[in-house]
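Position 19 (the sequence shown) corresponds to 582 in our numbering; numbering is contiguous.
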Amino acid sequence: MRKRNISFVIVGLVAVLLLTALPMVAGKSQVQAKDINEWLMTLSKEQREKFDRVIKKHLDRYRASKEKSADEPSGFFEGINQDIKQVVTPDQFAAFQALFKKKPIAEDQTRWVAKRCYPCVIARGYLSSALTDLNNAQSLFNEDYCVDPPWHPPMHPVADAIHWAIIFAQMAKDNSPTSYYDCDCNKATKALDYVKTAINFVDIAVSQTSKYNCSPTPWVNYLNYAKAHLLDAQTEIQECKDISCN
């Protein structure tokens with residue numbers, strides 16, 4: 564991944580730490596969360612604080628490693644997943660992983676009528692397409708096609724990168740306004756940070772595919788499609804932010 568994109572990853576991950584407005588509700592792990600925001604609500608206050616520290620720790624390490632080398636930091640995804648696993652219950656961790664398994668993406672029911680915040684809602688269509696592409700890439704990935712990483716993580720680095728791209732693409736969609744009159748600066752700003760981070764994790768997935776000499780690579784085409792849709796979404800969300808924040 565290009566060094567100039569690292570700041571986007573940092574912004575997106577830090578944004579997770581800033582979701583302090585979410586209520587801390589424990590004991591919901593038996594019910595499948597619909598998205599990452601709902602999953603975060605299943606954590607107790609203590610779990611959420613530990614989760615935040617895990618994200619910040621790995622973010623700092625990631626940034627420090629990228630400043631020293633152009634290569635991807637070894638064990639980044641393995642480390643972050645292992646630490647999250649220590650913070651939450653087995654049921655919560657299973658629910659976290661299940662969030663991003665292949666599942667149908669519900670179509671938006673928004674009517675396409677041009678209003679003041681037209682770009683805000685246009686972006687949701689691109690994000691829906693990107694999520695479909697990312698879920699297709701996830702379902703097509705086969706680690707048997709790739710060289711094994713030396714540290715034997717529970718998920719192959721390519722799969723982990725796709726997993727995190729889905730997380731941030733979904734969060735971008737969740738924070739994209741659903742109404743042409745909903746010109747919310749805070750939502751648009753968050754959505755822009757999240758979509759930029761999703762693009763960076765798609766870049767990581769592509770670079771890790773090359774790094775681990777994967778062949779064949781049927782998922783790469785879908786990663787490229789997803790990136791194109793995410794870039795389109797980024798353009799619309801940037802315009803949405805310009806409208807909403809001025």
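Note that CB positions come from ideal geometry on N, CA and C, so glycine has one too. Since this is a predicted model, take the numbers as computed values, not measurements.
Where residue i sits in the DSSP three-state scheme
| i | result |
| --- | --- |
| N809 | coil |
| V769 | helix |
| T741 | coil |
| K620 | helix |
Among the options, nearest to residue i - alpha-carbon criterion
| i | options | result |
| --- | --- | --- |
| A732 | L694, L794, K608, K619 | L694 |
| N784 | I725, M718, W602 | I725 |
| V651 | A627, M718, V617, Y788 | V617 |
| K804 | D756, M718, D598 | D756 |
| Q660 | A596, P713, C680, S691 | A596 |
Straight-line gap, residue i to residue j (C-alpha atoms, nearest Å)
| i | j | result |
| --- | --- | --- |
| F614 | N699 | 29 Å |
| G688 | A728 | 17 Å |
| Y656 | S607 | The amino acid occupying residue 656 in the given sequence is Phe; Tyr does not appear at that position. Computed Cα separation, rounded: 14 Å. |
| F704 | T605 | 29 Å |
| Q610 | D646 | 12 Å |
| Q771 | P720 | 7 Å |
| A761 | P779 | 24 Å |
Assigned exposure category for residue i - 16 Cβ within 10 Å defines buried
| i | result |
| --- | --- |
| N738 | buried |
| N749 | exposed |
| D766 | buried |
| S776 | In the sequence as displayed, the identity of residue 776 is Asn instead of Ser. Answer is exposed; the Cβ neighbour count stays below 16. |
| Q593 | For Q593, the predicted structure reports a pLDDT of 46, less than 50, and the residue's modelled location is therefore unreliable. A value from the coordinates is still provided. Flag for Q593 reads exposed. |
| S807 | buried |
| Q797 | buried |
Where are the alpha helix (DSSP H) runs, 4 residues long or more, that stay fully inside the segment 695-733, in chain order? none
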